[in-house]
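Enquirer:
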Amino acid sequence: MVKEVLRVGVIGCGAIGKEHIERLINVVAQATVVAVYDYFEEVAQSVATKYQIEACESGEALIARDDVDAVLITSTDDTHAVYVFEALKHEKYIFCEKPLALTAQECQEMMAKEIQIGKRLIQVGFNRRFDIGYREMKQAIRAGEIGEPLLIHSAHRNISQAPGFKTDYAITRVAIHEIDITRWLLDEEYDEVQVLTVKQSRKTTGDWLNPQLVMFKTQSGQRIDVEVQTDGAYAYDIQCQVVGENGTLNLPDPARVLKRTAGQYTYGLTDHWAKRFIDSYDTEFKEWAASVLSDKLVGPSAWDGYVSCVVADRLIQSRKSGNVEKIELVEKAEIY
Ligand code: ISE
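Just so it is clear: in the sequence shown, position 267 is 267 by this note's numbering, and no numbers are missing.
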């Protein structure tokens with residue numbers, strides 16, 4: 001693709017869709033948005049009017065446009081797969097927010113299509129891989145600075161959730177970030193996973209389990225625990241500590257002013273993922289646009305989307321069965 005600016009069509013103009021549209025138009029120099037679609041026509045129309053771009057009558061019509069080089073899918077989770085398959089039919093580059101699909105089977109079919117086409121077209125929105133803190137942790141692990149990593153303690157805490165939140169979403173929408181970032185940090189696949197329920201928070205505003213304790217064991221025997229709080233936390237707070245043979249690595253919070261006042265030493269935390277990870281999203285889309293323009297995707301792949309679906313599915317099963325669940329993956333194709 002010998003172009004200077006990537007022309008993106010966006011399917012889904014909800015909260016994260018709007019954030020990404022603004023980012024692609026005003027932050028990422030190598031990309032722009034030419035067309036949008038949303039299930040709610042008036043939502044797409046208001047975004048189109050704001051940026052003076054076109055609103056399409058369907059996702060399919062948007063994907064088929066000649067001036068759409070790549071498709072960004074930020075619609076509801078249950079519609080991701082339909083649009084990914086449609087864009088694959090047109091052999092267009094795709095950025096799909098997580099989860100890539102609702103089932104691992106659909107991810108396998110997407111991989112089969114990429115293999116048939118002969119190259120990667122899909123990138124999945126695992127933005128934490130672009131966060132400076134996680135990147136430095138990975139470099140330090142690779143450089144052997146803490147020796148062999150043995151354990152990871154993580155926490156994923158949210159203040160609130162949108163109406164309609166369900167227990168399973170704590171895995172498929174929330175812990176899915178830890179499913180991905182942990183295997184990326186450690187360069188390992190999982191062997192077994194488990195969910196434990198713990199004493200429930202009285203601050204949960206709906207009818208779902210909160211918190212949950214999510215556990216992974218990697219193939220080499222490393223153990224990871226993830227505290228998942230989906231509601232009622234004091235801030236949007238993400239923690240990750242890698243324990244190695246020779247030391248530990250701690251995920252830093254984004255830089256904020258350190259205040260010493262009234263006998264206290266404090267700094268602010270954010271209240272929302274969009275603010276906590278704003279830099280990672282910017283980097284994610286800058287790198288995505290550059291890699292699409294050079295016709296070589298390097299970010300999180302359909303394989304990563306597939307693994308996260310398998311693991312999420314097993315975690316949900318574990319919560320229901322009360323058992324430790326085994327992870328079984330298909331063979332990884334060479335293009336991944
Ligand atoms: C939310 O549902 C998300 O999708 C975000 O990516 C995640 O960081 C957040 O914690 C979830 O609540």
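Ideal placement from N, C-alpha and C gives every residue a C-beta, glycine not left out.
Taking the alpha-carbon positions, what's the leucine 196 to phenylalanine 216 distance?
Expert: Approximately 11 Å, taken between the alpha carbons.
Enquirer: Taking the Cβ atom as the reference point for each residue, do lysine 286 and glutamine 30 lie within a distance shorter than 8 Å?
Expert: Yes, Cβ-Cβ distance for lysine 286 and glutamine 30 is below 8 Å.
Enquirer: Return the residue from the list Gln212, Gln194, Ile141, Gly125 that minimises the CA-CA distance to lysine 166.
Expert: Minimum Cα distance to lysine 166 is reached at Gln212.
Enquirer: Have a look at leucine 100 and arginine 260 and give me their C-alpha separation to the nearest angstrom.
Expert: Their Cα atoms are separated by approximately 45 Å.
Enquirer: Taking all protein chains shown into account, do 16 or more other C-beta atoms lie within 10 angstroms of the C-beta of arginine 173, making it buried, or fewer, making it exposed?
Expert: Under this definition arginine 173 is a buried residue.
Enquirer: Which residues in the same chain as valine 28 place their Cβ atom closer than 6 Å to its Cβ, once the five residues preceding and following it in sequence are excluded?
Expert: Cβ within range, chain order: Phe285, Lys286, Ala289.
Enquirer: Hey, could you find the ends of the beta strand (DSSP E) glutamate 4 is sitting in?
Expert: Counting along the chain, glutamate 4 falls outside any beta strand (DSSP E), and DSSP gives it neither H nor E.
Enquirer: So does tryptophan 273 have its beta carbon nearer than 7 Å to some heavy atom of the ligand ISE?
Expert: Tryptophan 273: yes, Cβ under 7 Å from the ligand ISE.
Enquirer: Short of 6 Å in beta carbon distance, which residues of its chain neighbour leucine 151, apart from the five on each side in sequence? Order them along the chain.
Expert: Cβ within range, chain order: Arg223, Val243.
Enquirer: Inspect the CB distances between the segment 134 to 141 and the segment 264 to 274 and report whether three or more fall short of 8 Å.
Expert: No: the two stretches stay apart, fewer than three of their Cβ pairs being nearer than 8 Å.
Enquirer: For isoleucine 181 versus arginine 256, is the C-beta distance shorter than 8 Å?
Expert: It is not a contact, given that the beta carbons lie outside the stated cut-off.
Enquirer: Closer than 7 Å to a non-hydrogen atom of the ligand ISE - does that hold for the CB of valine 226?
Expert: For the ligand ISE, not one heavy atom lies less than 7 Å from the Cβ of valine 226.
Enquirer: Can the beta-carbon of valine 36 be found less than 8 Å from the beta-carbon of isoleucine 21?
Expert: Yes; because the gap between Cβ atoms is below 8 Å, this pair is in contact.
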